[in-house]
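Undergrad:
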Amino acid sequence: MDTSRSYLEPSSFSKKMAAAIIIVYAVITLIPISWMVMTSFKNVDSAISYPPEVLFEPSLEGYVNLFTNRSRQSQEYLDSLPPPENWYEELVRSREMVITGPSKFLGRYSNSMIIGFGSTFASVFLGALAAYAFSRFRVPLKDDLLFFILSTRMFPPIAVAVPIFIMYRKLGLGDTHLGMIILYTVVNLSLAVWLLKGFMDEIPKEYEEAAMIDGYSRLQAFFKVVLPQAMTGIAATAIFCMIFSWNEYAFAVLLTQFNAQTAPPFIPTIIGEGGLDWPAIGAGTTLFLLPVMIFTIILRKHLLRGITFGAVRK
Amino acid sequence: MSQIKIVNLQKSFGDFTAVKNSNLTINDKEFFVLLGPSGCGKTTTLRMIAGLELPTSGEIYLGDEEVGMLRASERDIAFVFQLFALYPHMNVRNNLSFPLKMQGYKKSDIKNRVEEAAKLLRIDHILNSNISSLSGGDRQRVALGRALVRRPKAFLMDEPLGTLDAEFRELMCLELKKLHLDIGATTVYVTHDQLEAMSLADRIAVMDGGEILQADEPNIIYNKPKTKFVASFIGSPGMNFFEVNEGISKDQSFVNIEGVKFDIPKQLEESKGSKNFFGIRPENLTLNNNEGLKGSVFGVEYLGSRKIITVKTSLGEIKVKTDISVNTKLNENVQVKPINNNIIIFDGETDKSLNSEFIK
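Protein sequences, first through last, are from chains A and B.
Its first residue numbered 42, the first sequence is counted upward by one per residue in my numbering.
Its first residue numbered 505, the second sequence is counted upward by one per residue in my numbering.
1. Within the segment 533-579 of chain B, note down every full alpha helix (DSSP H) run reaching 4 residues or more, in order along the chain.
2. Taking 8 Å as the CB-CB cut-off, is Gln607(B) touching chain A?
3. Over what stretch of residues does the alpha helix (DSSP H) that includes Ile716(B) continue unbroken?
4. Would you kindly report the start and end of the unbroken alpha helix (DSSP H) that includes Glu364(A)?
5. List in chain order: all unbroken alpha helix (DSSP H) runs of 4+ residues lying wholly within the segment 717-770 of chain B.
6. Beta-carbon separation of Leu357(A) and Ala262(A) under 8 Å?
7. Give the secondary structure of Asn595(B) by DSSP, where H, G and I count as helix, E and B as strand, and everything else as coil.
8. Pro592(B) touches chain D at which residues, Cβ-Cβ below 8 Å?
9. Indicate the three-state DSSP secondary structure (helix, strand or coil) for Tyr806(B) in the structure shown.
10. Give a yes or no on whether the C-beta atoms belonging to Ala651(B) and Val537(B) are separated by under 8 Å.
11. Taking 8 Å as the CB-CB cut-off, is Met208(A) touching chain B?
12. Can you list, in chain order, the residues of its chain with a C-beta nearer than 6 Å to that of Ser144(A)? Leave out the 5 residues immediately preceding and following it.
13. Under 8 Å between the Cβ atoms of Ser231(A) and Ile190(A)?
14. Return no unless some Cβ of chain B is closer than 8 Å to the Cβ of Asp242(A).
15. Give a yes or no on whether the C-beta atoms belonging to Pro786(B) and Lys841(B) are separated by under 8 Å.
16. In or out: Ala60(A) buried (at least 16 other Cβ within 10 Å) or exposed?
17. Given a cut-off of 8 Å, decide if Ile222(A) and Gly159(A) are closer than it, judged by their beta-carbon atoms.
18. So, are the CB atoms of Ile768(B) and Ile822(B) less than 8 Å apart?
19. Between Tyr248(A) and chain B, is any beta-carbon pair separated by less than 8 Å?
20. Which first and last residues belong to the alpha helix (DSSP H) in which Phe158(A) is found?
21. When DSSP builds the beta bridges, which residues end up paired with Thr826(B)?
22. Looking at C-beta atoms only, is the number of pairs between the segment 126-144 of chain A and the segment 199-218 of chain A that lie closer than 8 Å three or more?
23. Let me know the secondary structure DSSP gives Tyr290(A) once reduced to three states.
24. Hey, Phe782(B) and Phe758(B) are a contact pair by Cβ (cut 8 Å); roughly how many whole angstroms apart?
25. Between the segment 131-163 of chain A and chain B, which residues of the former have a C-beta closer than 8 Å to a C-beta of the latter?
26. Closer than 8 Å, CB to CB, is Thr349(A) near chain B or not?
27. Excluding the 5 residues flanking Ala301(A) on each side, which residues of the same chain have their C-beta closer than 6 Å to its C-beta?
28. I'd like the list of long-range same chain contacts for Ile155(A), defined as Cβ closer than 6 Å, with 5 residues on each side in sequence excluded.
29. Could you check which residue in Arg341(A), Ala324(A) and Ile338(A) has the C-alpha nearest to that of Ser75(A)?
30. Could you check how far apart the C-beta atoms of Ala233(A) and Ser164(A) are, in whole angstroms? I think they sit under 8 Å.
31. Is the beta carbon of Lys509(B) less than 8 Å from the beta carbon of Ile581(B)?
32. Rounding to the nearest angstrom, what Cα-Cα distance links Pro269(A) and Ala701(B) in this structure?
33. Identify whether Asn110(A) lies in helix, strand or coil by the three-state DSSP scheme.
34. Suppose the cutoff is 8 Å on Cβ atoms and the five residues either side in sequence are ignored; what does the same chain contact list for Ser636(B) look like?
35. Got a sec? Which residues, its chain only, sit under 7 Å from Glu102(A) by beta carbon, not counting five neighbours each side?
36. Taking Leu858(B) as the reference, give the member of Asp755(B), Asn792(B), Ser800(B) and Asn788(B) with the closest Cα.
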């Protein structure tokens with residue numbers, strides 16, 4: 042019998058099993074994503090060919106179509122034009138079209154950025170303040186208030202879509218960045234308060250007491266001592282909030298049309314000639330995936346520690 | 505540096521009174537220890553002096569200023585926490601600079617003062633280290649340093665040696681004492697460890713149940729305790745008590761216990777009731793075979809140069825601290841008698857010691 046390892050350590054067989062399960066799971070979840078990325082690099086024809094092409098000649102047509110508006114022209118007209126100035130014009134003309142201007146995608150994408158990061162910041166900031174108060178002060182009816190805050194997540198947010206639609210129209214918040222930031226913040230705040238309260242509870246109150254003795258006010262102590270130590274929790278909470286508001290679709294369809302429309306309701310509306318322009322949709326979705334991915338990778342170190350909810354200190 | 509004075513200080517948490525009507529004067533430059541079992545109110549008292557708790561009633565003077573209701577940040581005191589509370593996201597230098605930054609010192613001044621304090625505490629070689637890489641003793645020194653750089657009116661310490669292991673605690677005890685002699689700052693130190701209290705303190709206040717029972721120099725606390733609790737809490741083991749089923753009158757100089765006559769110091773005060781206690785320290789008792797209380801040896805503990813013999817008598821267990829050369833066997837019949845007249849009579853009704861020739 043092998044006595045070189047401790048009883049608590051898993052055997053090499055169970056380690057291998059675990060690795061196998063993770064690999065299978067990763068493959069299953071990665072297939073749709075890789076298919077989407079592949080589609081974004083196909084041309085319109087190979088995207089819908091049957092049987093599906095796994096090996097194909099990569100093309101940037103999807104990305105060009107995503108960022109431009111085009112119109113079909115007759116061959117005579119195309120011949121009368123001066124030679125194309127750059128590669129994407131050439132690509133478009135090979136399809137007997139000319140670029141008529143930039144598409145709305147960049148605007149929608151930056152709307153998503155503003156609303157996503159704005160509401161994430163607001164949720165985490167307000168959530169941290171509320172969580173600190175719940176964690177440290179004797180708040181009257183504390184448990185009831187916490188339950189009430191949580192109860193706002195006991196129904197799907199879309200259940201209140203109609204009253205919110207009417208409210209937003211009356212208040213003039215419909216189709217505005219501020220309106221969407223407020224809405225996503227409201228939805229995320231309960232999660233943020235609960236998550237962050239757990240983290241705040243883990244931070245010994247001696248730290249801010251020490252800071253207060255050192256001459257700082259409670260608010261200064263909160264910013265200089267408590268927040269840096271709650272970074273793990275803040276990172277985890279920020280990622281959850283960001284994922285929600287970045288991906289949110291239903292409210293965005295309902296409440297935004299022109300000014301504040303985010304990317305999720307916009308991408309499926311990219312229509313090509315004679316059907317959906319799958320490579321362009323694939324390109325939009327791929328680009329849409331990047332910010333959350335980068336955001337998560339940046340905060341990953343904190344997230345991994347944060348997910349365990351401070352079960353193990355240090 | 506300042507005198508600290510608390511007047512009629514009281515603190516309640518709901519129905520529970522943590523500190524009852526306490527009065528205390530801590531002199532300038534004194535090393536003052538608040539000693540008591542857990543839950544006795546010593547930490548609450550300290551936290552009220554620091555401004556981390558607000559008193560329910562009463563006043564706290566720091567120098568001439570009444571600070572009872574001021575915020576901690578406005579009091580100019582330093583506090584060393586039991587768990588050090590060093591900011592883990594800053595290195596040692598930033599931890600030490602943190603209080604100075606708030607006070608608006610110039611960068612060069614901060615640097616000088618931090619390095620001065622670091623030198624004094626011999627942590628100048630680890631100024632750029634992370635807190636998490638430090639040993640317990642170094643963390644303790646950094647915590648002291650953070651208190652020191654401010655040059656505050658007073659130092660408050662809440663069991664700062666509690667988390668160190670025994671060997672290190674002794675060393676830090678010495679260092680603390682030396683540091684106090686070097687800088688001569690008014691210090692209030694909370695502990696439940698009587699050895700720490702005895703070795704550090706200029707004066708000790710013994711607390712129990714939210715009350716200050718006695719505040720005196722260590723040797724007076726030990727030899728002339730004012731209440732039965734102080735007598736039993738201080739000393740290892742604590743004082744022995746025998747029940748005396750008679751009233752004590754003025755000028756009385758002996759009592760009868762279980763038919764044995766014991767000399768006591770001449771009493772200057774009479775007792776309130778007819779049930780009192782005869783108190784004697786274990787080292788003031790000896791074993792012999794012909795006089796004193798009869799009993800049998802119940803246990804023997806070796807302490808190196810001394811040993812503690814527990815004798816089971818009809819009055820209960822009596823601890824006797826004797827020379828290592830005394831030979832006894834378990835269950836051997838022995839008799840216990842005092843070797844001197846350092847005996848205190850405690851009033852059975854008030855638990856307070858009665859004045860006598862020995863304790864005035």
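Beta carbons are placed, not taken as given, at the ideal position from N, Cα and C, and that holds for glycine.
TA: Straight from the coordinates:
1. 546-554
2. As a position in the second sequence, residue 607(B) is number 103, starting the count at 1. With 8 Å as the cut-off, Gln607(B) counts as an interface residue toward chain A.
3. Along the second sequence, one-based indexing puts residue 716(B) at 212. Element bounds for Ile716(B): not the alpha helix (DSSP H) but the beta strand (DSSP E), Glu715 to Asp720.
4. Shown here, chain A extends from 42 to 355; a query on residue 364(A) therefore has no answer.
5. Look at the segment 717-770 of chain B and you find these whole runs of alpha helix (DSSP H), each 4 residues long or longer: 722-727 and 732-737.
6. What is shown of chain A runs 42 to 355, which leaves residue 357(A) out entirely.
7. Position 91 of the second sequence, counted from the start, is the residue given in the question as residue 595(B). Strand at Asn595(B).
8. The structure shown has no chain D; the protein chains it does contain are A and B.
9. One-based indexing of the second sequence puts residue 806(B) at position 302. Reduced to three states, the DSSP call for Tyr806(B) is strand.
10. On the second sequence, residue 651(B) is found 147 positions in, with the first residue counted as 1. On the second sequence, residue 537(B) is found 33 positions in, with the first residue counted as 1. Cβ atoms of Ala651(B) and Val537(B): not closer than 8 Å.
11. The residue labelled residue 208(A) in the question sits at position 167 within the first sequence. No, no contact with chain B.
12. Numbered from its first residue, the first sequence carries residue 144(A) at position 103. These residues qualify, in order along the chain: Phe108, Thr109 and Asn110.
13. Numbered from 1 along the first sequence, position 190 holds the residue referred to as residue 231(A). Numbered from 1 along the first sequence, position 149 holds the residue referred to as residue 190(A). A contact, by the Cβ cut-off of 8 Å.
14. On the first sequence, residue 242(A) is found 201 positions in, with the first residue counted as 1. It does not: the Cβ of Asp242(A) has no partner Cβ on chain B nearer than 8 Å.
15. Here residue 786(B) corresponds to residue number 282 of the second sequence, with the count starting at 1. Here residue 841(B) corresponds to residue number 337 of the second sequence, with the count starting at 1. Result no, Cβ atoms of Pro786(B) and Lys841(B) do not sit closer than 8 Å.
16. Numbered from its first residue, the first sequence carries residue 60(A) at position 19. Exposed is the call here.
17. Residue mapping note: residue 159(A) aligns to position 118 of the first sequence, counting from 1. Residue mapping note: residue 222(A) aligns to position 181 of the first sequence, counting from 1. For Gly159(A) and Ile222(A), yes; Cβs fall inside 8 Å.
18. Locating residue 768(B) in the second sequence gives position 264, where the first residue counts as 1. Locating residue 822(B) in the second sequence gives position 318, where the first residue counts as 1. Not closer than 8 Å, so no.
19. Here residue 248(A) is taken as the residue at index 207 of the first sequence, counted from 1. Chain B contact via Cβ: present.
20. Within the first sequence, residue 158(A) is the residue found at index 117, counting from 1. Here the alpha helix (DSSP H) through Phe158(A) covers Phe146 to Arg177.
21. Here residue 826(B) corresponds to residue number 322 of the second sequence, with the count starting at 1. Beta bridge pairing from DSSP links Thr826(B) with Lys811(B).
22. In short, these stretches do not touch, since the Cβ pair count stays below three.
23. Position 249 of the first sequence, counting from 1, holds the residue named residue 290(A). In the structure shown, Tyr290(A) sits in coil (DSSP, three-state: anything other than H, G, I, E or B).
24. Mapped onto the second sequence, residue 782(B) falls at position 278. Mapped onto the second sequence, residue 758(B) falls at position 254. So it is not a contact: roughly 11 Å between Cβ atoms.
25. none
26. Residue mapping note: residue 349(A) aligns to position 308 of the first sequence, counting from 1. Confidence at Thr349(A) is low in this model, with a pLDDT of 48, below 50, so the placement of that residue should be treated as unreliable; the coordinate-derived value is given next. By this cut-off, Thr349(A) is not an interface position.
27. Within the first sequence, the letter at position 260 stands for residue 301(A). Sequence-distant Cβ neighbours of Ala301(A) in its own chain, meaning closer than 6 Å and more than five residues away, are Asn152, Asp216, Thr217, His218 and Met221.
28. As a first step, residue 155(A) must be located in the first sequence, where it is residue number 114. Correct list, in chain order: His218.
29. Position 34 of the first sequence holds residue 75(A). Ser75(A) has its Cα closest to that of Ala324(A), out of Arg341(A), Ala324(A) and Ile338(A).
30. Position 192 of the first sequence, counting from 1, holds the residue named residue 233(A). Position 123 of the first sequence, counting from 1, holds the residue named residue 164(A). Sure, about 5 Å apart at Cβ, within 8 Å.
31. The residue labelled residue 509(B) in the question sits at position 5 within the second sequence. The residue labelled residue 581(B) in the question sits at position 77 within the second sequence. No, the pair does not count as a contact, with Cβ atoms beyond the cut-off.
32. The sequence position of residue 269(A) within the first sequence is 228, counting from 1. The sequence position of residue 701(B) within the second sequence is 197, counting from 1. Roughly 37 Å separates the two Cα atoms.
33. Taking the first residue of the first sequence as position 1, residue 110(A) is located at position 69. Asn110(A) falls in the strand class under three-state DSSP.
34. On the second sequence, residue 636(B) is found 132 positions in, with the first residue counted as 1. Excluding positions up to five away in sequence, the list reads Pro592.
35. The residue labelled residue 102(A) in the question sits at position 61 within the first sequence. Within the same chain, Glu102(A) has close Cβ partners Asn84, Val85, Leu132 and Pro320.
36. Start at 1 with the first residue of the second sequence, and residue 858(B) comes out as number 354. Leu858(B) has its Cα closest to that of Asp755(B), out of Asp755(B), Asn792(B), Ser800(B) and Asn788(B).
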